[in-house]
Structure formats: structure tokens, C-alpha cells
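Numbering-wise, the numbering used here puts 100 at position 64 of the sequence shown, and it's gapless, one number per residue.
Beta carbons are placed, not taken as given, at the ideal position from N, Cα and C, and that holds for glycine.
Here's the structure, in C-alpha cells; my notes come after.
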Amino acid sequence: MRKLIFGINLTIDGCCDHTKGVPDEESHDFWTKLLLNTDTLVYGRKTYQLMVPFWPEMAREKSGPTRSMNDFANAFASMKEIVVFSRSLSGVDEKNARIARADLKDEILKLKQQDGKSILAGGVDVPSQLIDLELVDEYVFVIQPLLVGQGRRLLENYSLDERLRLIDTKILKSGSIVARYSKA
């Protein structure tokens, strides 16, 4: 069975707003390595629209300002499938993307049964629902050394009680901490 990984960048105070934080070469390299062990991405509409067309265009045009951004763009563009859960989107821009309107749990269970690499979920809304449904097998938090005091918070409307087991940590040169957890 394929593993469902939830990955996100956070500030120390728990903000996961994409406008906060400072992505750097090393963090892009980390996310690129994770993407290379993944072949399916799961997003909601907001995250999909943040990622596409930005990263696929950068991959096609090789227009990233750094090597690490171009590497990430290439890894992103090489995904076998991007599954977008949305009730409002009428279409998607990339040939490897599709809109899923079926039940979230049923769709994810079908994906997990397919052959392939890991599945990576990103964003806030859909992953929060996946966590609530107990479908996430592994969590990857990149905690940036910032206190921003405002912005969107992960799982702000959910009441959960799940114990996790730390499986790996890494400290990046920027001071960011990568923490990987699995279900206990």
C-alpha cells in the first residue's frame, strides 16, 4: 500500500501562510528530494492554484533564479498525477492534473491501493480533512526560524488527539528544522 505523506512549511508560531517564510536553496533541495520519492500530489483548489502554473512554467522555461528552484520545478512537473479536490474549479491547466469530486476518503483509499511511489498532500484544507479521517501515514514539517504573529494556522478548526512518533530530524543552515513523524 502506498504511503500518504503530508508536508508543509511552518513558522515557529505555527503560521502556514505561503506569504510568510523564507524558502532557500537547502529547503528547496529538501522538498525536491521528497518529490522525487513521490509520484502523486494531492491538493485543494487554493494550493493547486498557488503551485500551477508557477512551477510547471518554470520547469518548461528553465526560468528559476536558482538551481534549486529549477530542480524543484522539474521534480514538480514530472509528477505522474496531481489530484485536485475542488467543487468550484471547472478545469485544470496541466495534462497530469485532474479534478476529484468523489468522496475524499474513498478517493484517497483508491490512490493508496494503486502501485507507485508515495502520495504527497500539501496545503491546509484538504490535508486537515485527511488528518481528521486518519489517512495520513507520515508528516513532514519544515519549521522556519520565524515568529510572524499572524496568518493562517494549520488545523485551526479541528480537535484532534493523535500521538505521533518522531522518525527523523534535520537542521538546515537557515535554522529551519525538518521534523518527520509517523503514526505512533
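The continuous alpha helix (DSSP H) containing residue 63 extends over residues 61-72.
When rounded, the separation of the alpha-carbon atoms in residue 208 and residue 180 is 9 Å.
No Cβ-Cβ contact shorter than 9 Å links residue 157 with residue 46. Residue 205 is bridged by DSSP to 215. No residue range can be given for residue 220, since it is assigned to no alpha helix (DSSP H) and is classified by DSSP as neither H nor E. Less than 9 Å separates the beta-carbon of residue 121 from that of residue 136.
Residue 116 is positioned such that its CB atom lies no closer than 9 Å to that of residue 68. Cβ atoms of residue 51 and residue 44 stay farther apart than 8 Å, at about 11 Å. Straight-line spacing of the CA atoms in residue 119 and residue 160 works out to 15 Å. Under the criterion of beta carbons closer than 8 Å, residue 154 and residue 74 qualify as touching, at roughly 5 Å. Straight-line spacing of the CA atoms in residue 64 and residue 99 works out to 15 Å. With fewer than 16 other CB atoms across the displayed protein chains lying within 10 angstroms of its CB, residue 101 is exposed. The beta-carbon distance between residue 177 and residue 215, rounded to whole angstroms, is 5 Å. This is short enough to meet the 8 Å contact definition.
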